[in-house]
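Take 23 as the starting number for the sequence shown in the working numbering and just add one per residue.
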Amino acid sequence: MKAIKGVKQLVHLPSYMMDGIVYHLAGHLFTPRPKFVCFPVTFRCNSRCQMCNIWKTPGSAEEMDLRKIEEVFSNPLFKNVEEMVLHGGEPTLRQDIKDIYGIVIRCCPKLKKITSSTNGLKPDLVRKRVQEILSVVNPDAVRLTFTVSIDGLKESHEKIRGIPGGFDRAMETLDVLKGFQNGYPIDVQIITVIQPQNLSDLEKMEKLAKDYDVGIIFQPLMIDTFYHNSSVDSRLQFSKDQIRAYRKFVEKNLVRNTNTRSLFWKNYLEMMNGGMRSVPCAYDRYVLSLYPTGEVLPCAKEDWVLFGNVHERAVDEIWFGKESKKIRKRMRKEACPTCSFYCGAEYSLSKEFFTYFNYRVKQAVRSFLKMGTDGQE
Numbered sequence: 023m024k025a026i027k028g029v030k031q032l033v034h035l036p037s038y039m040m041d042g043i044v045y046h047l048a049g050h051l052f053t054p055r056p057k058f059v060c061f062p063v064t065f066r067c068n069s070r071c072q073m074c075n076i077w078k079t080p081g082s083a084e085e086m087d088l089r090k091i092e093e094v095f096s097n098p099l100f101k102n103v104e105e106m107v108l109h110g111g112e113p114t115l116r117q118d119i120k121d122i123y124g125i126v127i128r129c130c131p132k133l134k135k136i137t138s139s140t141n142g143l144k145p146d147l148v149r150k151r152v153q154e155i156l157s158v159v160n161p162d163a164v165r166l167t168f169t170v171s172i173d174g175l176k177e178s179h180e181k182i183r184g185i186p187g188g189f190d191r192a193m194e195t196l197d198v199l200k201g202f203q204n205g206y207p208i209d210v211q212i213i214t215v216i217q218p219q220n221l222s223d224l225e226k227m228e229k230l231a232k233d234y235d236v237g238i239i240f241q242p243l244m245i246d247t248f249y250h251n252s253s254v255d256s257r258l259q260f261s262k263d264q265i266r267a268y269r270k271f272v273e274k275n276l277v278r279n280t281n282t283r284s285l286f287w288k289n290y291l292e293m294m295n296g297g298m299r300s301v302p303c304a305y306d307r308y309v310l311s312l313y314p315t316g317e318v319l320p321c322a323k324e325d326w327v328l329f330g331n332v333h334e335r336a337v338d339e340i341w342f343g344k345e346s347k348k349i350r351k352r353m354r355k356e357a358c359p360t361c362s363f364y365c366g367a368e369y370s371l372s373k374e375f376f377t378y379f380n381y382r383v384k385q386a387v388r389s390f391l392k393m394g395t396d397g398q399e
């Protein structure tokens, strides 16, 4: 399998190199159409996470209906979109989620992958929603990934998520999603947000994912406007001992991998020491974030990055507008250098060929030198 994957990578090498060239030009010489869309379909949420206040935001009355969603995505701006994240809030709380899937499939002809998240608190509802989604999406044509948020073992998870019994329900949801893999080529993953309360569970979470034969993605804790969590910042600070434990886990378990995530975590360690972000991010050029209330923005790092609202202007006018260009320029200067946001980094590295290629060459050289040193002992 590894040999086949290697051959495929060689075949696509010219395409990867061209992506790298275009990535560097995009945003500097021209504004490209978005290739990656983040669409939180609702801010409603039935969890009460200590690191997130999104559940306190306005409910369904503020959400775009299907007519408006189709109007937005019918814009030619989305014709180059390759990946999409449909999240929340809790996306399964939208009764029309399957129709939203249908809309983006119809309107985005180059779409290759859709990822959707769930907190797993309603396993039966997740089963129903996934069945509905599979009735309108061919997973052989568009790759479907479903993630379950599990932030630790039972005690840690329920303390962090604020729902008694939430861990058992999340694990049941994991079983539900795994069950669909018997008949459909879908991906199932666990998402774990690293925070002070779950540091001692991180290696156990890796084992849990391995035992369940699902992927696991660790994400740094983010303080930003999307999660409305600046007010809880003091409760989420790591002590010096916790920072040492955090670094040890990252060095041992995340940096040593050979995938694109390892490059992000290597840079994250540098940022923990006061360094700047060097890992590329697609949010300043390829990513369009669309809120359920109609706001269009590149990311939620700062409250001043808002481009506009689709209830007031067409989405392509917003995206290519002069104000949006000014915001992107300011964002690259003021927000991006210190941003530790993970989402989108993996996609960016798949496009930024030269950074990843350079990293892999250095890894190979280090491994070769280490083998030589070990052989002399």
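Ideal Cβ placement from N, Cα and C applies to all residues, glycine included.
With contacts defined by Cβ atoms closer than 8 angstroms, Cys67 and Ser311 do not form a contacting pair. Assignment of His333 by DSSP, reduced to helix, strand and coil, places it in the coil class.
As for any beta strand (DSSP E) of minimum length 3 sitting wholly inside the segment 259-285, there is none. If only complete runs of 4 or more residues are kept, the segment 189-222 shows no alpha helix (DSSP H) anywhere. In terms of CA proximity to Lys78, Thr64 leads the group Lys90, Leu88 and Thr64. Per the coordinates, the alpha-carbon of Glu273 lies some 19 angstroms from the alpha-carbon of Val383. Rounded to whole angstroms, the separation of the alpha carbons of Pro320 and Ser252 is 19 angstroms. According to the DSSP secondary-structure assignment, Met106 is paired through a beta bridge with Val59 and Ile136. Shown here, Arg165 sits in a strand according to DSSP, grouped into three states. Its chain contains Gly142, Val170, Ile172, Val210, Ile212, Tyr234 and Val236 as the residues whose beta carbon lies nearer than 8 angstroms to that of Leu196, once the 5 sequence neighbours on both sides are disregarded; these appear in chain order.
Only buried fits Arg350, as 16 or more other CB atoms lie within 10 angstroms of its CB.
Nearest Cα to Pro161 within the set Gly205, Lys270 and Glu225: Gly205.
Apart from the 5 residues on each side of it in sequence, Ala304 sits with its Cβ closer than 6 angstroms to the Cβ of Phe58, Gly366, Tyr369 and Ser370 in its chain, given in chain order. In its chain, beyond the 5 residues on either side, Thr247 have a beta carbon closer than 7 angstroms to the beta carbon of Asp325. An exposed status is given to Phe52, since fewer than 16 other beta-carbon atoms sit within 10 Å of its beta-carbon.
Between the segment 132-149 and the segment 103-117 there are three or more C-beta pairs closer than 8 angstroms, enough to call the two in contact. Here Ala192 is buried. Its C-beta has 16 or more other C-beta atoms within 10 Å. Distances from the alpha-carbon of Asn279 to those of Arg335, Ile239, Lys90 and Arg183 put Ile239 closest.
At least 8 angstroms separates the beta-carbon of Leu99 from that of Asp306. In this structure, the CA atom of Lys355 is about 42 angstroms from the CA atom of Lys144.
Per DSSP, Val94 has no beta bridge partner at all.
The Cβ atoms of Met73 and Val215 sit closer than 8 angstroms to each other.
Between the beta-carbon of Ser346 and that of Phe363 there is about 19 angstroms, and that puts the pair past the 8 angstroms contact cut. For Arg55 and Asn97, the gap between their C-alpha atoms comes out near 11 angstroms. When DSSP reads this structure, Val318 sits in a beta bridge with Leu312 and Gly330.
For Ile349, the enclosing alpha helix (DSSP H) starts and ends at Lys344 to Glu356.
Taking every protein chain shown into account, the CB of Lys226 has fewer than 16 other CB atoms within 10 angstroms, so this residue is exposed.
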